[in-house]
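Student: Pasting a structure below so you can have a look.
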Amino acid sequence: KQEVTQIPAALSVPEGENLVLNCSFTDSAIYNLQWFRQDPGKGLTSLLLIQSSQREQTSGRLNASLDKSSGRSTLYIAASQPGDSATYLCAVTLNAGGTSYGKLTFGQGTILTVHP
Amino acid sequence: KAGVTQTPRYLIKTRGQQVTLSCSPISGHRSVSWYQQTPGQGLQFLFEYFSETQRNKGNFPGRFSGRQFSNSRSEMNVSTLELGDSALYLCASSLVLSGRNSPLHFGNGTRLTVT
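If you read the protein sequences in the order shown, they are chains X and U. For the first sequence, the residue numbers in our numbering are 1140 to 1255. For the second sequence, the residue numbers in our numbering are 2 to 116.
This is how it looks when you write it as structure tokens:
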């Protein structure tokens, strides 16, 4: 059974800092990995999707890396801003013989607070 | 382009009742997935519909059911409500089957409280 763990559970940093969020998964046979953010009382917003054949993806100040063999992914946020405050979740999809099982398995998330 | 729309936003029900939640996906999206989010269990997959067919199902009891219409709109039904069903129910749509290399787009959810 795939398990996804995110460390740390919560993080508080001053504005301007670069930070790293970690995600690990137990079954390396993944199809892809996605990072999401969730604002309080809202749904999830997709940030980055890394295919199993890729090592990293970048979008603006965000960079996500994937090391499938070790079962790890990191989300790097550069020059953090108060507007980055949210819960960040990673999710994996298992590989079913070259295609996807479809369902996403989520970690419990990292609650990020960026204070001015 | 309108996002994923879930109605209602809030629901309060009594144990034993049943409830129906609605989800309208982004125009052109054919896949609709449902997730339950609770503080203790986090996000858990309920089921996915694609072209009106259930393609995948999570580990939830048969009290949880769903369907998808020809216009891709989806409904989720929970019968014989229990206190533990209190949660945020999230719907997500995508162009292709979820989990493929196409991002999921989530609605803002329906907050269900069972008393």
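Virtual Cβ for every residue (Gly too), placed ideally from N, Cα, C.
#1: Keeping to the same chain, check which residues put their C-beta closer than 7 angstroms to that of proline 1153/X; ignore five residues upstream and five downstream.
#2: Going along chain U in order, which residues have a C-beta closer than 8 angstroms to the C-beta of lysine 1181/X?
#3: In or out: leucine 84/U buried (at least 16 other Cβ within 10 Å) or exposed?
#4: Terminal residues of the continuous beta strand (DSSP E) containing glutamate 76/U?
#5: Check whether the stretch 1190–1205 of chain X and the stretch 35–55 of chain U are in contact - that is, three or more C-beta pairs closer than 8 angstroms.
#6: Keeping to the same chain, check which residues put their C-beta closer than 8 angstroms to that of leucine 96/U; ignore five residues upstream and five downstream.
#7: Does DSSP classify serine 1221/X as helix, strand or coil?
#8: With 16 other CB atoms within 10 Å as the buried threshold, where does glutamine 19/U fall?
#9: For isoleucine 1250/X and asparagine 78/U, what's the separation of their Cα atoms in angstroms?
Tutor: This is what the structure gives:
#1: On the first sequence, position 14 is the one that residue 1153/X refers to. His1254.
#2: As a first step, residue 1181/X is located in the first sequence; it is residue number 42 there, counting from the start. Going along chain U in sequence order, the residues near lysine 1181/X (Cβ under 8 angstroms) are Asn109 and Gly110.
#3: Numbered from 1 along the second sequence, position 83 holds the residue referred to as residue 84/U. Result: exposed.
#4: As a position in the second sequence, residue 76/U is number 75, starting the count at 1. Its beta strand (DSSP E) spans residues 75–79.
#5: no
#6: In the second sequence, counting from the first residue as 1, residue 96/U sits at position 95. Gly29, His30, Arg31, Ser32 and Ser103.
#7: Against the first sequence, residue 1221/X aligns to sequence position 82. The amino acid occupying residue 1221/X in the given sequence is proline; serine does not appear at that position. Proline 1221/X falls in the helix class under three-state DSSP.
#8: On the second sequence, position 18 is the one that residue 19/U refers to. Exposed: under 16 other Cβ atoms inside 10 Å.
#9: Counting from 1 along the first sequence, the entry for residue 1250/X is found at position 111. Counting from 1 along the second sequence, the entry for residue 78/U is found at position 77. Spanning the two alpha carbons is a distance of roughly 31 angstroms.
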